[in-house]
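The block underneath contains the structure these notes are about, expressed in structure tokens.
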Amino acid sequence: MRKQILLKGIPAAPGLVIGKAFILGSENLEVPRRSIPESKIPVEIVRFEEALIKTRREILDIQKKITKEMGTRHAQIFNAHLLVLEDRSLIEGVISRLKREKLCIEYIFLQVLKKYIKTFSHIDDPYLRERLSDIEDVGKRILRNLCGVQREILSNLKEKLVIVAYDLSPSDTASMHKEKVMGFITDIGGRTSHTAIMAKALEIPAVVGLEEATSRIKTGDTIIIDGTRGEAIVNPDRATLNKYKRQGEKIMRSERVLLKLKDLPAVTRDGHKVDLAANIELPEELSSVIAHGASGIGLYRTEYFYMNRTDLPSEDEHFAAYKKVSEQVKPHSVVIRTLDLGGDKFLSQLDIPHEMNPYLGWRAIRFCLARPDIFKVQLRAILRASAYGKLKMMYPMISGIEELRQANQMLEQVKEELRRRKIPFDEDIEVGAMIEIPSAALTCDILAKEADFFSIGTNDLNQYSIAVDRVNEKIAYLYEPTHPAVLRLIKNIIDSGHKENVWVGMCGEMASEPAFALLLLGMGLDEFSVSPAAVPAIKRVIRSVTLEQTKYISEKALTLTTGKDVENFSKEKLKELTF
Ligand code: PEP
Ligand code: MG
5 MRKQILLKGI PAAPGLVIGK AFILGSENLE VPRRSIPESK IPVEIVRFEE
55 ALIKTRREIL DIQKKITKEM GTRHAQIFNA HLLVLEDRSL IEGVISRLKR
105 EKLCIEYIFL QVLKKYIKTF SHIDDPYLRE RLSDIEDVGK RILRNLCGVQ
155 REILSNLKEK LVIVAYDLSP SDTASMHKEK VMGFITDIGG RTSHTAIMAK
205 ALEIPAVVGL EEATSRIKTG DTIIIDGTRG EAIVNPDRAT LNKYKRQGEK
255 IMRSERVLLK LKDLPAVTRD GHKVDLAANI ELPEELSSVI AHGASGIGLY
305 RTEYFYMNRT DLPSEDEHFA AYKKVSEQVK PHSVVIRTLD LGGDKFLSQL
355 DIPHEMNPYL GWRAIRFCLA RPDIFKVQLR AILRASAYGK LKMMYPMISG
405 IEELRQANQM LEQVKEELRR RKIPFDEDIE VGAMIEIPSA ALTCDILAKE
455 ADFFSIGTND LNQYSIAVDR VNEKIAYLYE PTHPAVLRLI KNIIDSGHKE
505 NVWVGMCGEM ASEPAFALLL LGMGLDEFSV SPAAVPAIKR VIRSVTLEQT
555 KYISEKALTL TTGKDVENFS KEKLKELTF
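Under the numbering used here, residues 5 to 583 are what the sequence shown spells out, in order.
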């Protein structure tokens, strides 16, 4: 029996599961044969180069870790892997076949790789035979990076498993089926990466940023994932296993108790009512939203609509999805957020060039304003669907008033077109701005004059205020929504909105944390939009306190000097006040 190992990472999605590990990357990869037009050849070459760079980075990371733990001698094995990445004949072989055959790069690469493996396996020389496994290993890594991982594998698992991977993209996570993927853990990633958000949405327990999960775990190992504490226990002994089984039963019991609040309103003990809505990324999550007792959707992330497909969604596809969601959520409202791609969400069907700083780059509303051909399709569909329910819409990543005006101008053009064509839509549709960039947070008084509402995106607001990449596990300790700077910005957003009669919500992950919800309530937040599974816990907080109590808590919190102090203080108060 192998020894028990405890790995600590970053909690990504709560819950506890015990299951058998499956290391992604240990399987045989197959890719579809897809033709590409001549004009797309440069794009495919860039994708290939990016995959090589990413693979190199991964190998260097592993090498560094092994050096630290086992010494340089063991780490030197990976020098051979790095050499494969520089093998000119391999690289040139791929590029010349790509130009000749005009097939997608992953297919071409796999064919070249197979040919190499075949040639090497016929050679008797033991040194060269050794190189065969290096080529195979690195080749699979490159292929995984090219495919944006293993969608097919993730969506076609034959048994229930715990997935262990170096990294998973948000679209990989979106393709997981809860019935088969019990939970997942990754070497890299942060708490509010879109991969983590997706795991929460699908209610799949997950821990990210474990650093050495793929090097310490083998397929078939038994794993306990504690997504709430951010831990993975590999090959637990009997006593540990029993302890966690008991804990799992306890969690289920307390979830059942919380669900009893489902049909009760989100109102404080002194009668202050707030809107408690849910965030969704896929229309399939609607049943979970209803089951957890949310009153509407405060953030419908529409990027996932564009993922895991090779073409762009048509206006009618958008329309059908938005109409369905708004009809099912009626009489509550649905806030649709317009396309926010970029950052850690990429779409292969759009030829977006690689950027040095994708989080500071051509993202969200910036991309949409530059591509009215794509943006207007979505705007038209939202407006058309607004005739069937209570729809609102908001723009992501607004950095200042000009962007809001430009977006509204495009919206006005689309409205005009619909009026001309006599297509019905809600003339009074509310249009809001996400406030997730410090420049917007500090100019909310200006924005409030031209927006119907604000929705605070703390996932990005934190990242940009503290200069801390939300997906980087190495600096995750700096990622504090309770940092005094972030609290002051939030307070400013709420106050500036209220001065102009603009309601203010929050759809960032901060609103899903019970202790932080106390602070936000006290600051005057009007709407909380949280992951569906978090709705009952936040409702319990709201129903346990008076508005007066929370005002005192937020005022005190704003005088504290560190994020840790604020966090400890609000957790203490939560314990004291909730029942
Ligand atoms: C946010 O930034 O807080 C937010 C809700 O948007 P996203 O996580 O999709 O960037
Ligand atoms: Mg955001």
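Even for Gly, the Cβ is constructed at its ideal location relative to N, Cα and C.
As a quick exercise: from the options, pick the residue whose alpha carbon is nearest that of residue i.
i    : options                : result
K164 : G187, L493, C151, V116 : G187
E576 : T462, P518, T550       : P518
D138 : K184, R370, L86, K119  : L86
D65  : G346, V472, E288, S219 : S219
D274 : D473, C511, E552       : E552
C151 : R51, F429, V168        : R51
M414 : S403, Q382, R425, F429 : Q382
I3   : E434, Q80, I255        : With the chain represented from 5 up to 583, any question about residue 3 goes unanswered, as that position is not in the structure.
V472 : P15, A455, V490        : V490
E407 : L525, R370, V168       : R370
T4   : G252, A243, V238       : Here the chain comprises residues numbered 5 to 583, so residue 4 is not present and cannot be evaluated.
R474 : I127, R257, L89, L364  : L364
D267 : E580, L578, K543       : K543
I301 : L373, E319, A205       : A205
G461 : I201, P357, L265       : I201
V338 : L373, A374, I294       : I294
H336 : L280, I27, K12         : L280
G509 : E559, A455, I470       : A455
V333 : A374, E289, E359, R375 : E289
S175 : E183, V168, S159, I189 : S159
G143 : I167, A55, Q417, D464  : A55
A203 : N246, A178, V166       : A178
K249 : G19, D569, T565        : G19
T554 : F520, R384, T566       : F520
Is the Cβ-Cβ distance between residue i and residue j less than 8 Å?
i    : j    : result
T199 : L172 : yes
D344 : A368 : yes
L395 : S330 : yes
T342 : T306 : yes
S535 : A325 : no
L262 : P540 : yes
M514 : P485 : yes
Y310 : L303 : no
M180 : I208 : yes
F82  : I63  : yes
S500 : A444 : no
L522 : V545 : yes
N149 : K58  : yes
I109 : E48  : yes
P15  : V185 : no
Y399 : A411 : yes
G224 : K24  : yes
I157 : L28  : yes
L107 : R38  : yes
V570 : L578 : no
L387 : K426 : no
Terminal residues of the continuous beta strand (DSSP E) containing residue i?
i    : result
L286 : Neither: L286 is in no beta strand (DSSP E) and is coded neither H nor E.
V168 : 165-169
G302 : 301-305
F509 : In the sequence as presented, Phe is not what sits at residue 509; that position holds Gly. Note, G509: beta strand (DSSP E), 507-510.
K12  : 9-12
E552 : Element bounds for E552: not the beta strand (DSSP E) but the alpha helix (DSSP H), 551-561.
V534 : 531-534
Considering just the uninterrupted stretch of the alpha helix (DSSP H) at residue i, what are its terminal residues?
i    : result
M527 : 518-527
S100 : 92-105
R573 : Sequence inspection shows Phe at residue 573; the Arg mentioned does not correspond to that position. From DSSP, the alpha helix (DSSP H) with F573 extends over 567-581.
Y399 : Taken as a continuous stretch (DSSP letters only), Y399 belongs to no alpha helix (DSSP H), being part of the beta strand (DSSP E) at 394-399.
I27  : Unbroken run through I27 is the beta strand (DSSP E), 20-27; no alpha helix (DSSP H).
V490 : 488-503
I546 : 539-548
S175 : 174-178
(request) Can you check the region 328-379 for any beta strand (DSSP E) of at least 3 residues that lies completely inside it and give the ranges in chain order? (result) As far as the region 328-379 is concerned, its whole beta strand (DSSP E) runs of at least 3 residues are 337-341.
(request) Within the region 415-478, note down every full alpha helix (DSSP H) run reaching 4 residues or more, in order along the chain. (result) Correct list: 442-446, 448-451, 462-470.
(request) Identify every run of the alpha helix (DSSP H) within the region 186-246, keeping only runs that are complete inside it and at least 4 residues long; order them along the chain. (result) The qualifying runs are 198-205, 217-220.
(message) I'd like to know if the region 512-531 and the region 472-480 are in contact, where contact means that at least 3 CB-CB pairs between them fall below 8 Å.
(response) As far as the Cβ criterion goes, the region 512-531 does not touch the region 472-480, which means the pair count is below three.
(message) Any contact between the region 441-459 and the region 495-508? By contact I mean 3 or more CB pairs, one from each, below 8 Å.
(response) Contact between the region 441-459 and the region 495-508 is present, because at least three Cβ pairs lie under 8 Å.
(request) Could you name the residues whose beta carbon sits closer than 5 Å to any heavy atom belonging to the ligand COA, keeping them in chain order? (result) Questions concerning the ligand COA fall outside what the structure shown contains, since the ligands it does hold are the ligand PEP and the ligand MG.
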